[in-house]
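In this text, residue positions in the sequence shown follow our numbering: the first is 9, and each later residue adds one.
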Amino acid sequence: MIIIVSIMLMVLLDWLVRHTLTGMAMRAISYNRPIVPLMGVPVNRIISMTFAIGSAIAGAGGLLYGLAYPVLDPYMGIRIGWWAFIAAVLGGIGNIRGAVLGGYLLGAVEIFTPVFLASSTYRDSVAFSMLLILLIFQADGDLRTADFEKVSELSSLREKK
């Protein structure tokens with residue numbers, strides 16, 4: 009049930025961001041916030057919606073985690089927060105599908121590290137080593153989103169010639 013609900017939430021979030029007007033407004037605000045109000049987008053309402061959606065997904069994730077590991081601890085979310093950060097950096101900040109792929113990669117690290125290193129205590133060190141290596145060689149993340157500003161600058165340079 010946990011896997012099915014989490015996959016449904018990931019697909020729903022991806023659909024929301026890619027195929028709705030609210031998602032288009034979210035992406036527009038993240039790309040160029042000063043221009044978006046000039047196009048009639050209510051920026052404060054979209055930002056509030058974004059935080060509400062993120063909080064709802066975080067709450068659902070906490071509930072699913074609590075179902076899988078029923079131990080109540082004040083620090084129970086710290087490790088998950090670090091792993092979510094690593095997954096987002098691996099996938100590229102701002103890329104939902106990349107963050108999902110980064111999460112699956114980290115899940116594979118968590119499963120296979122004890123198999124190959126004969127100890128489960130190295131899981132976090134392997135994950136943080138992956139993060140450090142990625143940040144050293146590719147500081148923008150593994151699956152970066154396209155940089156549209158550079159493309160428009162290139163096309164304007166071609167038009168000037």
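All C-beta atoms, glycine included, are put in the ideal place defined by N, C-alpha and C.
Three-state secondary structure assigned by DSSP to residue i
i: R105; result: helix
i: D22; result: helix
i: D132; result: helix
i: W53; result: The sequence given here places Arg at residue 53; Trp does not occur at that position. Helix at R53.
i: A96; result: helix
i: Y39; result: helix
i: P45; result: helix
i: S127; result: coil
i: G82; result: A quick correction: the sequence has Pro, not Gly, at residue 82. Coil, per DSSP.
i: M34; result: helix
Rounded separation between residue i and residue j - CA only
i: Q146; j: M84; result: 31 Å
i: P78; j: A135; result: 24 Å
i: V49; j: A33; result: 7 Å
i: M57; j: L98; result: 26 Å
i: R35; j: G110; result: 21 Å
i: A64; j: S127; result: 35 Å
i: A92; j: L113; result: 12 Å
i: I43; j: L80; result: 46 Å
When the options are compared against residue i, the one with the closest alpha-carbon
i: P122; options: R131, L114 and G115; result: R131
i: L21; options: V108, L113 and V44; result: V108
i: V3; options: M9, M16 and S137; result: Residue 3 is absent from the structure shown; the chain starts at 9 and stops at 169.
i: M18; options: A66, I55, F59 and N40; result: A66
i: M47; options: I61, F59, L29 and G62; result: L29
i: R26; options: N103, G89, L143 and G69; result: N103
i: Y73; options: L142, G106 and R87; result: R87
i: I15; options: A68, L125, T129 and P82; result: A68
i: L6; options: L142, M9, I144 and L143; result: Examination of residue 6 is not possible in this model, given that the chain is present from 9 through 169 alone.
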